[in-house]
Structure formats: structure tokens, C-alpha cells
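Report on the following structure.
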Amino acid sequence: MLNKPVLVESLIVFSIVLCVHAVVWDRYSWCAVALAIQAFYVQFKWDRLLQQGGAVFQFRTTANSGLLPASMVIPLLGIAMKERCEAAGIVYFERFGIVVASTGMLVALFLSVIAVGITKPVPTNTCILTGVAGSIIIYTMKHSLTVSEVIEVLEVLLIFVYLSMILLYLLPRCFTPGEALLVLGGISFVLNQLIKRSLNVIEGRGEPIDFFLLVAVIGVIILGLFFTVLFIFMDSGTWISSMFFHMMTAVLGLGVIMPWLYRLIRRNPLFWLLQFLFQTQTRVYLLVYWTFLAASACGIVFYQNAKRSSESKKHQASTITRKYFHFIVVATYVPGLIYDLQLLHVAAVLCLAVFIFLEYIRYFRIKPFGQTLRYLLSLFLDERDSGPLILTHIYLLLGMSLPVWLFPRSCAPKGALSGAGALVPYAGVLAVGVGDTMASVFGSTMGEIKWPGTKKTFEGTMTAIFILIFDSNVNLNSSYAWILVSVSLVSLLEAYTTQIDNLLLPLYLQIMFMV
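Per the working numbering, residue 85 is the first one in the sequence shown, and the count goes up by one each step.
Rendered as C-alpha cells:
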């Protein structure tokens, strides 16, 4: 029997796909529509595999597979990037957008083939649809990509396959298939870009902050894989292991990551970073303000845990308590978006690296703070943190930061922006910080009418739409109708999706604003 919330979620995703291609219809649109149709059918095969325990790896069981919404994100993002950069006349990033779209389609198609291949009996109709979609995509790639671009796409696919086998085995129940597609697909693309630019430093394009993002993301992942293998052979909770952890972190950071970054930016990374952070008085003020907000967030964690200790019954943080952190993140990002976007870019990368490093300390129980972090953060767990890692706070940071990181600045029109185009960097703040937060707070406190088949309320969704539409950052011009459609579709997706909305919603809102 078909799941009604999943059908509604699929209908919303189809609506977004059609809205995007109503604006930018070209040869890639046929590929995107074909991919969406086959992903819709394969999604139910994945759901059945998860219910029957027939999947090769252990996925998160509190949600559906999420294959359709995840499959469309990277292809639509690449198509939107291609159109924006083509209009700006930036050929390099136009071709880059085509590579992103092609890579996203091929990776999503690969995940679909896996599901079809392990389903017994083999679903004939779904196999035919997957074959047709694959033929359309490969035919379009053959006539659109150069030989070097085809090789690049295949490199990302190969990295994705090996990375999936390693991380999905090491991290059971941390992802749904759709979340794995988004997260591991993104990491695979970042790793391929870093390798490509490291081998072609002279011809490489990009600013130091772009290289800083690539090296930081891959650096912390290599660090995690190294210690995961190491602690198979030794107990990570001892003082000797903890000292070795900190020593090897310093060795890998100073001996591998720093020289790697030095090769790319051709200057001392530490001196560059310090000079960048304290370059202007505005940046100093922002850093002091962000330090105060970080201390406030830590204060909330300690206060809520003290509250738990004083109560006899088991205490768990409420939805409203969790949204305090959303308010703090909004207060962090808005000044950065207004006054210094580049500083926000670098600060978000640093924060991501710190979050992941602290999660390593918690996961491996590294002394002296590992056990303390386990106790403090256990208060804020929900059903999405069913695996060994706690990822919701990292997803929140990613959701706010990805719109800042992903859009190529050279493709932005010169001069002041208006309408939806001006809101591209704000997509994370609007979707997660404002829309999702207001929907959760108002829905949990005053909501009475639930959307059919979900725990989300009609009042919460309408509040999110109202707040987003009447936000003061929105310029009421000819694009107002498009903004209205965008925020309404994303708010409805928030009501029906069981995936990590902190990651999914900003990307879809960014795609809608970019086209």
C-alpha cells in the first residue's frame, strides 16, 4: 500500500522540478524529468527493502528512503548554476554547472540501479523506467560533455562508490539512502575537486577561501577515517589513546593539511587566516559578537543539563528548546550576510571543522572531554540521531552555510540585486532559521490541525509561509510571485518530508531563488 505522506512529498518535489524547468527548459530538462520519474518508482523499492531488512547496509529506520527529493537536488543545483553563469557570460562556471548536474544524475541513477538489482523478484516495470532514464541521461551527456568532463564525472562516481562502502559500513543507521546520496555525493565531489585543483595549481581557479573550504572538509574526514581504523586495534577511552589522538591530530594538521593548503594558496595558511580574520574593524566586531553568541549557546546546553539533573524523571529537551539554537544561528548569520559575506564563509568552515572534531572526541570518548560531551549532548537527541554519530547540529550548520558556499560569486550580476536573486545567500537563514523554526514553534504550541499522515500542523506551515513572504529582505517587485511559490513549496515540503529538513530545505529554496 502506498504511503500518502510520501506521495504528497513526491508531488511537491515534482512541482519544484516543473517550476524550475518552466523557467530554464533545455536538453537537460528532459534528463531531470526522466530522473524524477524513475526515482519516484525506485523510491518505493527502497522503502520496501528497508521495511524487510533487505538493504545491504543499515539505514535510519524512522524515515522513508527519501530517494526522490535527494536525487533531484544536485542535478537541479547544477542546472540553476549553469543558467545563472551562462547569463553572466562566465563560461568556466557554466561548464562547471553542467558537470555538477551530470554528476548528480549519474550518482542518483547508480543508487537506483543498486535498489533495483537487489530487489527480489526483479521489478520489470521499474527496470524499464530506469533503463530509459539512464539512456536519456547518457545520450545527453555524450553530446554535452567533453572527454575530460566525462572522466571527471566518472571519477566522482568511483569515489562515491568506495566512500559509500566505507562510511555506510562504519556508520550504521546514520543516514537514509537519500541522505547518504546527498552527503556522500557532496563529499565525493569536493574530494575530486580538491585532487583536480591540487594537480593543476597553476591553471586552478578560485580564491583562497574556496581552497580553504575544500581542504578543511576533506582534512577532517581523513582525520576521522584514520582514527576509526586506528581505534579498531586499541581502546579509545584510555589516557594513552587520548594523548595519541591529540598528538596525531597535530601531526596530520601541521604535516599534511597545512602543507596541502599552502600548495594551493601559495602562502602560509596560518598567517593568511589571521590576516583575513582581523583585516578590518568590522570583522573584529563580528568575531567578538559571534564569540558572545557561541558562549550563549554553551550556556543553554549547561542550563538545560542542570535542569535535567534537578528533576527526578527523565528530562528531554523540547522542540522549543532546540529552536533556541536556530535563533542563535540566525542571529549569527544575518550580520555576516549583511556586512561581510567572505568572513561568514570562512567562519562557517572553521565552525564546521570544530563541530566535526568535537563529534570525534565524543564518539571515540577521548579524554578529558569525551564522556562529558556524551552526557551533555544526549539531552538534545531525537529520532533522527539513531546511529552512533550525532549529526543534527552539523546538518543545521550545513543548511545555513551551503547557500553561502555553493553559489559562484563571479556569476552574480554587478551592482545591487533585487527580488529572488538577492535572496540566494539568505536561503539557509530563510528556510531553516526562520521558516522551519517558526513552523516548529507555532505548530508545537498552537497547532491543532495536522497535515494528513504527518505530525506537522497546518498552523505551523502557514506561519512559515507568512514569515518568509513578509520578511523585510524580500524586494516586492516582479519576482514576488516567484518568491511566493518558492517559499510555499518549500514550506509544504517541510511539512511532509521525513528527511533531514535542515539539509534539504535550504538547497531547494536556493535552487528556486537561483533560477
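Beta carbons are placed, not taken as given, at the ideal position from N, Cα and C, and that holds for glycine.
{"Item": "Please name the residue in Ser149, Ile412, Ser248 and Lys280 whose C-alpha comes closest to that of alanine 381.", "Value": "Ile412"}
{"Item": "Can you tell me the Cα-Cα spacing of phenylalanine 376 and valine 140, whole angstroms?", "Value": "46 Å"}
{"Item": "Would you report the Cα separation of leucine 481 and alanine 432, rounded to the nearest angstrom?", "Value": "8 Å"}
{"Item": "What would DSSP say about glycine 188, mapped onto helix, strand or coil?", "Value": "helix"}
{"Item": "Near threonine 538, which residues of its chain fall below 7 Å by C-beta distance, leaving aside the five closest residues on each side in sequence?", "Value": "Here threonine 538 scores only 48 on pLDDT, less than 50, and its place in the model should not be relied on; the value that follows carries that caveat. If we look at threonine 538 and ignore the five residues flanking it on each side, its Cβ neighbours are Pro89, Ala579 and Tyr580."}
{"Item": "Among the residues of its own chain, which have a CB less than 8 Å from the CB of asparagine 352, if the five just before and after it don't count?", "Value": "Tyr346"}
{"Item": "Look at the alpha carbon of leucine 460 and the alpha carbon of lysine 226, and state the distance between them as a whole number of angstroms.", "Value": "53 Å"}
{"Item": "Label arginine 168 either buried or exposed according to how many other C-beta atoms from any shown protein chain fall within 10 Å of its C-beta, with 16 as the threshold for buried.", "Value": "buried"}
{"Item": "Would you identify the three-state DSSP class for isoleucine 316, choosing helix, strand or coil?", "Value": "coil"}
{"Item": "Quick check on this structure: which residue in Gly420, Ser326 and Gly321 has the alpha carbon closest to the alpha carbon of leucine 361?", "Value": "Gly420"}
{"Item": "Closest by CA to valine 368, which one among Tyr408, His410, Gly321 and Leu428?", "Value": "Leu428"}
{"Item": "From what residue to what residue does the alpha helix (DSSP H) around serine 272 run?", "Value": "261-283"}
{"Item": "Could you give the distance in angstroms between the alpha-carbon of proline 207 and the alpha-carbon of proline 261?", "Value": "19 Å"}
{"Item": "Is there a Cβ of chain C sitting closer than 9 Å to that of methionine 249, yes or no?", "Value": "The question asks about chain C, but that chain is absent: this structure has only one protein chain."}
{"Item": "Measure the C-alpha to C-alpha separation of phenylalanine 177 and valine 197 and round it to an integer number of angstroms.", "Value": "30 Å"}
{"Item": "Please report the distance separating the alpha-carbon of proline 153 from that of valine 97.", "Value": "6 Å"}
{"Item": "What are the boundary residues of the alpha helix (DSSP H) that includes glycine 483?", "Value": "476-490"}
{"Item": "Can you give me the start and stop residues for the alpha helix (DSSP H) that glutamine 594 sits inside?", "Value": "585-598"}
{"Item": "Have a look at threonine 187 and leucine 161 and give me their C-alpha separation to the nearest angstrom.", "Value": "11 Å"}
{"Item": "Taking only three categories from DSSP, how would you classify alanine 139?", "Value": "coil"}
{"Item": "Considering only their Cβ atoms, is the gap separating methionine 598 from methionine 165 smaller than 9 Å?", "Value": "yes"}
{"Item": "Whose CA, out of Leu507, Gln583 and Asn586, lies closest to the CA of leucine 568?", "Value": "Leu507"}
{"Item": "If I measure Cβ to Cβ from leucine 229 and keep anything under 8 Å in the same chain, skipping five residues before and after, which residues do I get?", "Value": "Ile182, Val183, Ser186 and Val237"}
{"Item": "With burial defined as no fewer than 16 other Cβ atoms inside 10 Å of the residue's Cβ, what is the status of glutamine 277: buried or exposed?", "Value": "buried"}
{"Item": "Quick one: is aspartate 469 buried, meaning 16 or more other Cβ sit within 10 Å of its Cβ, or exposed?", "Value": "buried"}
{"Item": "Tell me where the alpha helix (DSSP H) around valine 216 begins and ends.", "Value": "208-226"}
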